[in-house]
Structure formats: structure tokens, C-alpha cells
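Everything in the sequence shown is counted per our numbering, starting at 55 for the first residue and increasing by one. We put the CB at the ideal spot given by N, CA and C, even for glycine. Since we're looking at a predicted model, the values are computed, not measured. I have placed the structure first, in the form of C-alpha cells, so that the comments after it can refer back to it.
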Amino acid sequence: MDFGKLSDISKVDFSLPQEDRFYFEGKEEESIQILLGAPGWSVPKWKGVLYPRGTQSSDFGVYYSQQFATIEFNTTFYQIPKEDMIERWYQMTTPDFTFCPKMFAGISQQSHFAMGNSVLPDFLDRMTLFKEKLGMLYMQVPQSFSTKKTDALRRFIQNWRPGLPLAIELRNPTFFEYGQGESIAEDMAAAGVSWMITDVAGRRDVSHPYITAPFMGIRFVGNMDESDFGRIDAWITRLLKWQKVGVRVVYFFVHTPGDDLPHVLCDYFAKQWEKATGISLKHPKVLAV
């Protein structure tokens, strides 16, 4: 992921926000579910590492779902998939697997998010075909979309279809200026919409404190640097705090340069989580040579 990428991270303060701001009421007695995933499964270099040698590209999803619990599913950003394609994805993946489809660009990249256009309900209807394997929908708003256009975003949130989990990633710096995030966070919480967090070196503001729903998406952008492990430790501490206030599901997507080592960081996360909680997480394991 190029967004927020830095060539030199030596002076970056990777600290998370000191205090989170919660905009929903949860139940403390329930446990938190952590689902580890990557940005996609079409990674040929994983053959012989996470996929068996000789795996055909058409079967990448089969083996990916055996290794990871979820996926940041970018295919749906470029097209609304046909019903038979969704059925194939559904059938090829393990029963416990969840998809987090990225909102179709014909919706998320439009100034009014295709409201009043049939493309929005058509897309949402199609996504329901993932059935119980649908985790959350993920909408990435263009970086040029600023608080000057908040009215359009509010209308979209307020009219969101109930029962479909949605996380929205905002990138324009104006949303993170003092006093700007609170009102949009309140609107998201009222509609049960989550505000996606992106933990990336060059834009520390998008690792924000607004927790608006009992499910959260985190895009963790590693740098293939020792600091990645300390950052994961900090997230584990933070997620244990979230559990106490009612966050129930966290989709934790690990990005690494060139998709080389997400499995290493996921493995570290899972082992540290088990040390802290005694609970094992589904995570990738390198195949025996």
C-alpha cells in the first residue's frame, strides 16, 4: 500500500492515541474475536511458503482460507462480481472464513456515493450472497474528499442499509483536525457504522481514536522493520482494553512491502495474543519443505 508510505521511518512516533473515544455502548462480559488477514490472496510468491508448490492461481483462495481468517477483498472495488463467482468463492473457502469486500469504485469514488442510483442497492444485494461468510464491507473514500463534503457522507451513513456491517476509511487530513471528527463519529455510531483505522508510518492521524461500533477494521502497515513487532504488542494491549468496553470483532489486516511477510507478523500477533489471553487465533503457518 503506497498511502502513507515513507522511505525513512527512523523518526516516526508509532504511538497509538493516548485515549480512545467510544461512541457506542457494549457488553463487557462478551469476549473479543480477532480475525487476522492480508490484503489479497493472489500472491504467486507464496507458493511453497503458504501455498503448496504448483498451486494454480484459480486455487489461491482455497489455500489462503486455510491460513488466514479473513481477507481485505479488493476484487469488488473494480467490479460487481456475478452471482456464480461469489458462489465459487464461497464454496472454495473454509467454513470459518470471512470476506471483507471493498466497496465498488462506482459507489465509493463518486461525490454522492451513488445515492439514488441502482448501482448501490444492486451491489449490496450481491454482497449478501456471501451469506454467513460476509464479515464487513469496507469503503475507502478518496483522499480528496474533505470535510467540505461532509453532508454527502452524512446522508450516505444515515441511509445505510441496516444489518450490513460497514467500515469507512477517511483519508483527508481535515477529518482529523481538532474538533472535526466528533460529529461524523456520532453519525457513524448512530448508524452502526465503523470508522476504519489505518496504522501507517506517514499518516499518524489516520490511526485515530474514534471507536464507533462493536466491530472494527484495522489496516496495519508493516515496514519489515523490528519496530513492527513493538507496534503489534501495543495493539494487543489496546485490543484488550477495547474488549472491556464492548468491542466484539476486530478485522486485523496486515500489509507488508511487496506482500512478502504478512504471515510473519500474523504469526507473531497470534503467539503474543495467546500468551496474553490463552486463546489461540487462526493464523498462517509456513509449509514444511
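| Asked | Found |
| --- | --- |
| Alpha carbon to alpha carbon, how far is Ala-255 from Lys-59? Give it in angstroms, no decimals. | 6 Å |
| Less than 8 Å separating the beta-carbons of Ala-221 and Tyr-192? | yes |
| Rounded to whole angstroms, what's the CA-CA distance from Met-190 to Leu-207? Just pull it up for me. | 18 Å |
| CA-CA distance, Pro-98 and Ile-333? | 31 Å |
| By Cβ distance below 7 Å, which residues in the same chain neighbour Pro-263 in space, the five residues on each side in sequence not counted? | Pro-71, Glu-73, Asp-74 and Arg-75 |
| When DSSP labels each residue in this structure, what does Leu-183 get in the three-state scheme? | helix |
| With a Cβ-Cβ cutoff of 8 Å, do Met-181 and Leu-174 count as a contact? | no |
| Nearest to Glu-223 by alpha carbon, out of Gly-271, Asp-62 and Lys-101? | Gly-271 |
| With a threshold of 16 other CB atoms inside 10 Å of the CB of Leu-294, please say whether the residue is buried or exposed. | exposed |
| Rounded to whole angstroms, what is the Cα-Cα separation between Ala-92 and Asp-314? | 11 Å |
| Based on Cα-Cα distance, which residue from Ile-140, His-166, Pro-216 and Phe-151 lies nearest to Asp-205? | His-166 |
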